[in-house]
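Visitor: As they're listed, the protein sequences go chains A and B.
For what it's worth, this note's numbering labels the leading residue of the first sequence as 1, then goes sequentially.
For what it's worth, this note's numbering labels the leading residue of the second sequence as 361, then goes sequentially.
Each residue gets a CB set at the ideal place from its N, CA and C atoms; glycine is no exception.
Before we start, here is the structure in question, set down as structure tokens.
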Amino acid sequence: MFKQLEKTPRTVLVCERSHLDHEKARLGTHVEQHFFNHKVSLLVPGCDRLPAELDAALNSMRSFLLVRNLPLSQLLEKEFLDQAVYKGSTYGLSYQTRIDEDNCYALLPNGKLVLSVDKDTYETLGLEGKPSQYQRRPAGRYVVSVDLKDRTMSPGGKGHQRVVKALTEHTPLSCDLLLSQHLPGDESPALQSLLSNHKLSEHRPRVSSHVMTSLPCPTLVTSHLQGEQQSCDPQSFLEWLGAVDAGVTFEDQSDGYLSTYECPQPQTVVDAAVRCSVTGLLLPEDIYHLLDVLRRSVLEPKLAPWLALTVHGFQDSPVSWGTAEHGFLSGGENFYTLVLFQNLDYWICMATGPHDACPP
Amino acid sequence: MQPAVFERVVVKNSPVYQYMKVSLVLEQAQTKLTAVELKHLITTGLKSLYGEVGAAFPFDLLTFEEDTLTAVLRVYSRGLVRLWSSITLLGFFQQQRCAFRVLQVSPYLLALTGNSRDLALDS
């Protein structure tokens, strides 16, 4: 009777396991290609205080800018192109715009400017784009991708003039933009001085940590990626991790009336565990640095045999991994969880929602 | 020690559960509600829309914040549409008007803990 009501939207979860030094390990690529990260959450069982080096890495994630009401044509000015686009990895994402309702914009570190716009904006903009993969019939949303590093896009070039005309005369688009830049070496980004004639504010990522006691933890065996009797499978582990992050109590006081959820078996109870999270516009380069520190920290014998790092992407980003289109539907999830074991084996689980391509 | 290997598994369309983050809006904002009352309210809504048999599937109330009346629910994937529709149509709690706002739905509980739409920056 309810068969037609029992379907749910498609989902994809990709799990990989390998060793950090394995030739096929693609951990670095997965981290680098996930451009727009909103939250990093780290769970370290077996300690009541994070190792100093790890604590410093979490607290030293670079700050980012929020530029209010920035015309997008500003991103095509010669100075901005020279200092931000050609010089180093600049990440820009429109702030408080919803990809299922509003126009959303992103500047990718590879120099691509992605505009995810509704039909009306697209038709007046006059730039070439593609209908969104997830709203095809009838197409209500279009994605325009402009490669700012292309030869024709150099200031004064034909392509450059066309895009500037579209963004200044046809449809002047503007938004509140989150911006951050990674430059190699000690060079400091010039974004602030470039955009000094706009209202902007600098923000440090917010760090919070929480110590839990007597936490039941599932047993993980590195070689059992698909779950065996002696080990928890990745799906159950992700659920447990979510339960810890959401503050679910593992002992139901109401004899199972409220919830029947419990920690997956087999489990061990650790005396203490630290959960630390950082939120803001977090760059893949900073997360990569954090991985380096984790690699050293996991070898400390006092800690539990594994630690888990979850990186959440922005739900309203026009891309998830690389340039793959991203949409919201009901959750907009795009995140990955890394489980690092003491022997430097790892699991990485990458999850996307119904409006997303398969993770790389 | 076993030699290092590379293994990749792609899991498609197999979520056992779906998770919903919902908040209850009451006509009289000062009304207090316990987790047990909230679960009872949702169960009542399910039964009134789908009957005893149609509502015979379990769901869990994983968390409940009494200050904001926000809850995280876990339901078997096959029961999501029924749960969602029944809380949408729930209109009364103890003779006062109420409405459920569905904030986020995902097959991953983890996704509900990192909602970028909540990112608030002062300028």
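#1: Rounding to the nearest angstrom, what Cα-Cα distance links leucine 200 (chain A) and arginine 68 (chain A) in this structure?
#2: Tell me proline 216 (chain A)'s beta-bridge partners as DSSP assigns them.
#3: Over the uninterrupted beta strand (DSSP E) stretch that includes histidine 30 (chain A), give me the two end residues.
#4: According to the neighbour-count rule (16 or more other Cβ atoms, all chains shown, within 10 Å of its Cβ), is threonine 310 (chain A) buried or exposed?
#5: Please check if any C-beta of chain A sits within less than 8 Å of the C-beta of serine 437 (chain B).
#6: Going by CA-CA distance only, name the one from A:Pro354, A:Pro318, A:Gln181 and A:Leu127 that's closest to glutamine 83 (chain A).
#7: When you compare only the Cα positions, how much space is there between valine 221 (chain A) and leucine 398 (chain B)?
#8: Determine the closest residue to aspartate 255 (chain A) out of B:Thr404, B:Val396 and B:Ala416, with distance taken between C-alpha atoms.
#9: If you check the beta carbons only, do serine 320 (chain A) and threonine 279 (chain A) fall under 8 Å apart?
#10: For the alpha helix (DSSP H) that contains alanine 395 (chain B), what are its first and last residues?
#11: Below 7 Å on C-beta distance, what does serine 208 (chain A) contact in chain B?
#12: Just how far apart, CA to CA, sit histidine 289 (chain A) and glycine 46 (chain A)?
#13: Could you tell me whether the Cβ of valine 465 (chain B) comes closer than 8 Å to any Cβ of chain A?
#14: Is it the case that the Cβ atoms of threonine 268 (chain A) and threonine 219 (chain A) are separated by a distance below 8 Å?
#15: Considering Cα atoms alone, identify which of B:Gln456, B:Arg442 and B:Phe453 is closest to glycine 411 (chain B).
#16: Can you give me the start and stop residues for the beta strand (DSSP E) that lysine 24 (chain A) sits inside?
#17: If you compare alpha carbons, which of A:Glu285, A:Trp240, A:Leu299 and A:Gln235 is closest to serine 63 (chain A)?
#18: Candidates A:Pro266, A:Pro360, A:Asp245 and A:Leu338: which alpha carbon is nearest leucine 422 (chain B)'s?
#19: Alpha helix (DSSP H) containing alanine 106 (chain A): first to last residue?
#20: On the three-state DSSP scale, how would you describe proline 131 (chain A)?
#21: Is the Cβ of glutamate 412 (chain B) closer than 8 Å to any Cβ of chain A?
#22: Can you tell me whether DSSP reads threonine 323 (chain A) as helix, strand or coil?
#23: Is any beta-carbon of chain B found at less than 8 Å from that of glycine 353 (chain A)?
#24: Which stretch, first to last residue, makes up the alpha helix (DSSP H) that contains histidine 160 (chain A)?
#25: Looking only at its own chain, which residues have a Cβ that is under 8 Å from the Cβ of threonine 8 (chain A), when we skip the five neighbours before and after it?
#26: Which residue comes first and which comes last in the alpha helix (DSSP H) that contains alanine 351 (chain A)?
#27: Exposed or buried, what is asparagine 103 (chain A) when buried is set at 16 or more other beta-carbons lying within 10 Å of its beta-carbon?
#28: If you count every other CB in all the chains shown that lies within 10 Å of the CB of aspartate 316 (chain A), and 16 or more means buried, which is it?
#29: What's the gap between the Cα of glutamate 123 (chain A) and the Cα of glutamine 390 (chain B)?
#30: With respect to the alpha helix (DSSP H) encompassing valine 293 (chain A), which residues constitute its N-terminal and C-terminal limits?
#31: Is glutamine 378 (chain B) helix, strand or coil when you go by DSSP?
#32: Thinking just about the alpha-carbon of each residue, which of A:Pro318, A:Pro359 and A:Leu338 is nearest to the one in arginine 141 (chain A)?
#33: Give the DSSP bridge partners of tyrosine 336 (chain A), in chain order.
#34: Alpha carbon to alpha carbon, how far is leucine 340 (chain A) from threonine 168 (chain A)?
#35: Looking at chain B, is there any beta carbon in it that lies within less than 8 Å of the beta carbon of histidine 22 (chain A)?
#36: Ordered along the chain, which non-local residues of its own chain (more than five positions away) have a Cβ less than 6 Å from that of leucine 127 (chain A)?
Guide: In short, the structure shows the following:
#1: 6 Å
#2: A:Val269
#3: That residue, histidine 30 (chain A), is in no beta strand (DSSP E); its alpha helix (DSSP H) goes 27 to 33.
#4: buried
#5: yes
#6: A:Gln181
#7: 39 Å
#8: B:Val396
#9: no
#10: 395 to 414
#11: None at all; the shortest Cβ gap to chain B is about 12 Å.
#12: 23 Å
#13: yes
#14: yes
#15: B:Arg442
#16: Per DSSP, lysine 24 (chain A) belongs to no beta strand (DSSP E) and is neither H nor E.
#17: A:Glu285
#18: A:Asp245
#19: Segment 104 to 107 is the beta strand (DSSP E) holding alanine 106 (chain A); no alpha helix (DSSP H) there.
#20: strand
#21: no
#22: coil
#23: yes
#24: 158 to 165
#25: none
#26: Looking at the DSSP string, alanine 351 (chain A) is not in any alpha helix (DSSP H); the run it does join, the beta strand (DSSP E), is 345 to 352.
#27: buried
#28: buried
#29: 48 Å
#30: 284 to 297
#31: strand
#32: A:Pro318
#33: A:Val311 and A:Met350
#34: 49 Å
#35: yes
#36: Val144 and Ala166
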